[in-house]
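Visitor:
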Amino acid sequence: MISVTLPDGSVNEYTVGITAGEIIIDIEGRKHDCIAALVDGEEKDFSSELVTDCSIEGISVYSDAGMYILRHSAAHLLAQAITELYPDAKPTIGPPIDRGFYYDFADLEDFGSDELKKVQKKMHELARKNLQIIRIEHTESELSSMFENNPYKLEIIKERIDEGTGSTIYSQGDWFDLCKGPHVHSTAKLMHVRLTSVSSAFWRGDQNRDKLTRIYGLVEPTKDALKATMASIEEAKKRDHRKLGKDLQLFHVDEDVGQGLILWTPRGATIRTCLQNFISEHLTRQGYHQVYTPHIGKLDLYRTSGHFPYYQDSQYPPLVEKEMMSKLAHEGCSCGELSNMMAAGDIEGYMLKPMNCPHHIKIYSSQARSYRDLPLRLAEFGTVYRWEQSGEISGLTRVRGFTQDDAHLFVTEDQIANEVLGCIELVQVIFESLGMTDYRVRVGLRDPDSSKYVGDSDKWDRAEDACRAAASSLGVKWSEEPGEAAFYGPKIDFVVRDVIGREWQLGTVQVDYNLPERFELKYKGSDGEMHRPVMIHRAPFGSMERFCGVLIEHFAGKFPTWLSPTQIHILTISQKQVEYGREILSKLKQEGIRAEIDDGDNTIGKKIRMHRKFHPAYMLILGEEEVANGSVSVRARNGDQRAGVELNQFISELTEEINNKNSTPSLVPSREG
RNA sequence: GCCAACGUAGCACAGCUGGUAGUGCUUCGGAUUUGUAAUCCGACGGUCGGGGGUUCGAGUCCCUCCGUUGGCUCCA
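Numbering (numbering that gives the first Met the number 0), first residue to last: 0 to 672.
(1) Between PHE493 and GLY506, is the Cβ-Cβ spacing less than 8 Å?
(2) Going by DSSP, what residue range makes up the alpha helix (DSSP H) through TRP459?
(3) Among LYS557, CYS53, GLY400, GLU141, which has the Cα closest to the Cα of GLU387?
(4) If you draw a straight line from the C-alpha of GLN289 to the C-alpha of ASP460, how long is it?
(5) Threshold first: 3 residues or longer. Then list the beta strand (DSSP E) segments lying entirely within the segment 83-113, N to C.
(6) Whole angstroms is fine: what's the gap from ILE429's alpha carbon to VAL419's?
(7) Could you give the C-beta distance for ILE596 and GLY580, rounded to a whole number, given that I count them as a contact under 8 Å?
(8) Where ARG284 and LEU425 are concerned, what is the direct C-alpha to C-alpha distance, given to the nearest angstrom?
(9) For GLY672, which of helix, strand or coil comes out of DSSP?
(10) Helix, strand or coil: how does DSSP classify LEU282 here?
(11) Are the CB atoms of VAL633 and PHE613 within a distance shorter than 8 Å?
(12) Given a cut-off of 8 Å, decide if PHE250 and THR228 are closer than it, judged by their beta-carbon atoms.
(13) Within 10 Å of its beta-carbon, does ALA468 have 16 or more other beta-carbons around it, so buried, or fewer, so exposed?
(14) In or out: GLN403 buried (at least 16 other Cβ within 10 Å) or exposed?
(15) Would THR602 be called buried (16 or more neighbouring beta carbons within 10 Å of its own) or exposed?
(16) Following the continuous beta strand (DSSP E) through GLN171, name the residue where it begins and the one where it ends.
(17) Between GLN314 and MET341, how many whole angstroms is the CB-CB distance? I'm expecting something under 8 Å.
(18) Work out the CA separation of GLY454 and GLU431 for me, nearest whole Å.
(19) Give the secondary structure of ASP511 by DSSP, where H, G and I count as helix, E and B as strand, and everything else as coil.
(20) Name the residue from LEU570, PRO293, GLY591, GLN589 whose alpha carbon lies nearest to the alpha carbon of PRO353.
(21) In terms of alpha-carbon separation, which member of SER198, LEU247, LEU262 lies closest to ASP253?
(22) Taking the beta carbon of ARG98 as the centre, do at least 16 other beta carbons fall within 10 Å, making it buried, or is it exposed?
(23) Check LEU5 in the structure and name its three-state DSSP category.
(24) By the DSSP assignment, the beta strand (DSSP E) with GLN258 in it spans what residues?
(25) For ASP106, I'd like the list of residues in its chain whose CB is within less than 7 Å of its CB, leaving aside the five on either flank, ordered along the chain.
(26) Buried or exposed for ASP497, please, with buried defined as at least 16 other CB atoms from any protein chain shown within 10 angstroms of its CB.
(27) Do SER47 and ILE133 count as a contact pair if the criterion is CB distance below 8 Å?
(28) For the candidate residues VAL192, ASP109, GLU108, whose alpha-carbon lies nearest to that of SER72?
(29) Quick check on the burial criterion: 16 or more other C-beta atoms within 10 angstroms. Buried or exposed for GLY216?
(30) At the level of alpha carbons, what is the spacing between GLU412 and ALA470?
(31) Under the DSSP definition of a beta bridge, which residues are partnered with CYS33?
(32) For the beta strand (DSSP E) that ASP597 lies in, which residues bound it at each end?
(33) By DSSP's criteria, SER478 is part of a beta bridge. Which residues make up the other side?
(34) Would you kindly report the start and end of the unbroken alpha helix (DSSP H) that includes PHE673?
(35) Could you check whether the segment 150-169 touches the segment 124-140, counting it as contact only if at least three pairs of C-beta atoms, one from each stretch, sit closer than 8 Å?
(36) Along the chain, where does the beta strand (DSSP E) that runs through ALA406 open and close?
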């Protein structure tokens, strides 16, 4: 007999060799929702036999761990279906992910949505067969011969599996896969799967290795849960900023202008202006100085900063001076040679700036600086240009020209900790006042194995420590991520998710010992000696474009009153109220409120329908009654109404709501109380 | 940049296996003067992403370029 500790702390005796699944049934009953077991804190299959004393608890399919197991098993089912339908295809890897699972296949070409349907049908068929999923241990050499036709699996076996210990396979029907598990015990648990998309991937994520076909899917424990997941995905698509940007006329991207180059239309520009004003207020309060610098600079500037050699491939090509070109032409330089010179950087010219720091550095060094000048905080809404890969460009979140709410702080060594803290507090304040609380903080450190970083390790250590210290004092969860540093220094990033689950870096604070060194920056200390300042780069929004994109999705286009492109839409019920409506319009405008009027001859129902799509904070409905007593009828976004509001009263309430930057319009009491 | 899918009026979409384009909304013009999510009638609007090819004939088939979407890779 063995003694097994149960979740409630009690201890039961079982015969040696009893399976984990049998104990779960014993303690949870037949109708439990577990799909695997946690034995001494380790995830195990139901079939796993227990031979020593241990503790056990069930893993519910509704827990995160349970869902991962379910997704992992669904990935196997996908691979089984593919193998049966396309015997030449070679399964490689297929892990569970936060939103479902995927599996990568080699030698599966021309796979489209028709094929996807076929495979999904096959998966349902296999699920219905109720195939038992069995774990079998094998030695390394046995595994090698089992997967002799699959070089990808062989590579994994060779790399990860010791000859002595061997590893396991999981089999279902005739099919089997190399896997550590655990898995659900039967394919019947995988009835509710849905394949969502086909895309591609590289073997081992390496561009130079084989291209694989990746198939994504979703799985849920029940039919209803699957339905709900599909519905929430559909719902999320409606708040995609690319769709809303078009519907609400916020921005436009024109292929004649260029990929990833944003044209801000009046409504979107209004939002951006409001945000810039909002940041500017904070800048003034925190002792920043705003500066302006041009969009281009000499190539040499970026050689000194290191950006030109390091980020060559992701910059617009240099702008070469006319004289230089004709001189080269006279010398008989061919196009090919010219292109080589450009690539090697052996050419004079200008660059569209990929960063604002060099320009700000030159402002710093334009004067002799003393310790009394520090910290010197230079801020600019600076527009930069980067040659992002064409396949990466997307909406407002990944673009080729964008404006950073950038600033560079020149500080003494002992001011670093305090100033970094000030920066991340600013980011936090700004995020919170916009109601964006769902972010994570990432401290990007250098990767010890990589040589891509510049500067000596002593300074890196100090900068990394400063970042860790600042992050811990923030009071939110943060993670250290080696390899995520910038090439010149460590950084603290604020990362958020968009509606389709992709993560984007927004706010960032970076400590930099490197650029001051490269540009030989100095200040005179109180000791009369010359010292080197340290730089801090920071941008609370990151990029105005990306931030606005995320913000559009965050609010689903329904902006708080202070950010709403049009705050008030005035709708007249008939032509009789046109004059009154225009009076109100001009009064609102005088008060600095963004208002529009629709005094056309459509019915009020139609006007509401048409204007709703712009999500103004409020609509004012004007009929005979309002004209008679000089009032307005206020309509909220959800259709709730507040009739007979005296105009001046409304304006003062509205102005207060705007000045307070309330996160939701709330001048109309909700019907639901 | 790589893989796959896609690109028809301002927007959302239809157009079967090749026979020179349709619907709804928007817009505009009339009628109506309307009380909180669809009043009626009429009109305008497209060299079907660009270019090339096959064919008697291409929105439809082929090639190529551009762009979009989903991933991969990259991200100062």
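Glycine included, C-beta positions come from ideal geometry on N, C-alpha and C. Since the structure is predicted, the reported quantities are computational estimates derived from the model, not experimental observations.
Guide: Checking against the coordinates, here is how it stands:
(1) The residue given as residue 493 occupies position 494 in the first sequence. The residue given as residue 506 occupies position 507 in the first sequence. The Cβ atoms of PHE493 and GLY506 lie closer than 8 Å to each other.
(2) Reading the first sequence from its first residue, position 460 is the one you call residue 459. 456-471 is the span of the alpha helix (DSSP H), which, as asked, contains TRP459.
(3) Here residue 387 is taken as the residue at index 388 of the first sequence, counted from 1. For GLU387, the closest C-alpha among the options LYS557, CYS53, GLY400, GLU141 is that of GLY400.
(4) Looking up residue 289 in the first sequence gives position 290. Looking up residue 460 in the first sequence gives position 461. Each residue's Cα considered, the two are about 31 Å apart.
(5) Counting only runs that start and end inside the segment 83-113, the beta strand (DSSP E) elements of at least 3 residues fall at 99-105.
(6) Residue 429 sits at position 430 when you count from the first residue of the first sequence. Residue 419 sits at position 420 when you count from the first residue of the first sequence. Approximately 16 Å, taken between the alpha carbons.
(7) Residue mapping note: residue 596 aligns to position 597 of the first sequence, counting from 1. Residue mapping note: residue 580 aligns to position 581 of the first sequence, counting from 1. With a contact defined as Cβ atoms closer than 8 Å, ILE596 and GLY580 qualify at about 5 Å.
(8) In the first sequence, counting from the first residue as 1, residue 284 sits at position 285. In the first sequence, counting from the first residue as 1, residue 425 sits at position 426. So the alpha carbons of these two residues sit roughly 11 Å apart.
(9) Your numbering for residue 672 matches position 673 in the first sequence. For GLY672, the pLDDT reaches just 47, beneath the cut-off of 50, and the residue's location in the model is therefore unreliable, leaving the point undetermined.
(10) As a first step, residue 282 must be located in the first sequence, where it is residue number 283. In the three-state scheme derived from DSSP, where H, G and I count as helix and E and B as strand, LEU282 is classed as helix.
(11) Taking the first residue of the first sequence as 1, we reach residue 613 at position 614. Taking the first residue of the first sequence as 1, we reach residue 633 at position 634. No, Cβ-Cβ distance for PHE613 and VAL633 is not below 8 Å.
(12) Numbered from 1 along the first sequence, position 229 holds the residue referred to as residue 228. Numbered from 1 along the first sequence, position 251 holds the residue referred to as residue 250. Not in contact: THR228 and PHE250 (Cβ atoms no closer than 8 Å).
(13) Mapped onto the first sequence, residue 468 falls at position 469. Exposed.
(14) By one-based count along the first sequence, residue 403 stands at place 404. Looking at its Cβ environment, which holds 16 or more other Cβ atoms inside 10 Å, GLN403 is buried.
(15) As a working mapping, residue 602 is identified with position 603 in the first sequence. THR602 should be labelled exposed.
(16) Locating residue 171 in the first sequence gives position 172, counting from the first residue. For GLN171, the uninterrupted beta strand (DSSP E) run begins and ends at 166-171, by DSSP.
(17) Within the first sequence, the letter at position 315 stands for residue 314. Within the first sequence, the letter at position 342 stands for residue 341. Contact flag wrong, Cβ pair sits at about 11 Å.
(18) As a first step, residue 431 must be located in the first sequence, where it is residue number 432. As a first step, residue 454 must be located in the first sequence, where it is residue number 455. Rounded to whole angstroms, GLU431 to GLY454 spans 35 Å at the Cα level.
(19) Indexing the first sequence from 1 puts residue 511 at position 512. Strand at ASP511.
(20) In the first sequence, residue 353 corresponds to position 354, counting from 1. Looking at LEU570, PRO293, GLY591, GLN589, the one whose alpha-carbon comes closest to that of PRO353 is PRO293.
(21) In the first sequence, residue 253 corresponds to position 254, counting from 1. For ASP253, the nearest C-alpha among the options comes from LEU262.
(22) As a working mapping, residue 98 is identified with position 99 in the first sequence. Looking at its Cβ environment, which holds fewer than 16 other Cβ atoms inside 10 Å, ARG98 is exposed.
(23) As a position in the first sequence, residue 5 is number 6, starting the count at 1. Three-state result, LEU5: coil.
(24) Start at 1 with the first residue of the first sequence, and residue 258 comes out as number 259. Premise fails: GLN258 is in no beta strand (DSSP E) and is neither H nor E.
(25) Here residue 106 refers to the residue found at position 107 when the first sequence is read from its first residue. If we look at ASP106 and ignore the five residues flanking it on each side, its Cβ neighbours are ASP87, ALA88, LYS89.
(26) Along the first sequence, read from residue 1 onward, the residue named residue 497 stands at position 498. It counts as buried.
(27) The residue given as residue 133 occupies position 134 in the first sequence. The residue given as residue 47 occupies position 48 in the first sequence. Taking 8 Å as the Cβ cut-off, ILE133 and SER47 do not qualify as a contacting pair.
(28) Translated into the one-based positions of the first sequence, residue 72 becomes position 73. The shortest CA-to-CA distance from SER72 to any of VAL192, ASP109, GLU108 is the one to VAL192.
(29) Here residue 216 is taken as the residue at index 217 of the first sequence, counted from 1. By the 10 Å Cβ count, GLY216 comes out buried.
(30) Position 413 of the first sequence, counting from 1, holds the residue named residue 412. Position 471 of the first sequence, counting from 1, holds the residue named residue 470. C-alpha separation (whole angstroms): 18 Å.
(31) Residue 33 sits at position 34 when you count from the first residue of the first sequence. Checking the DSSP bridge columns, you'll see CYS33 partnered with SER59.
(32) Locating residue 597 in the first sequence gives position 598, where the first residue counts as 1. Residues 594-597.
(33) Here residue 478 refers to the residue found at position 479 of the first sequence. DSSP lists ARG441 as partners of SER478.
(34) Absent from the structure is residue 673, since the part of the chain shown begins at 0 and ends at 672.
(35) Contact check between the segment 150-169 and the segment 124-140: three or more CB pairs, one atom from each, fall below 8 Å, which counts as touching.
(36) Position 407 of the first sequence, counted from the start, is the residue given in the question as residue 406. Note, ALA406: beta strand (DSSP E), 400-410.
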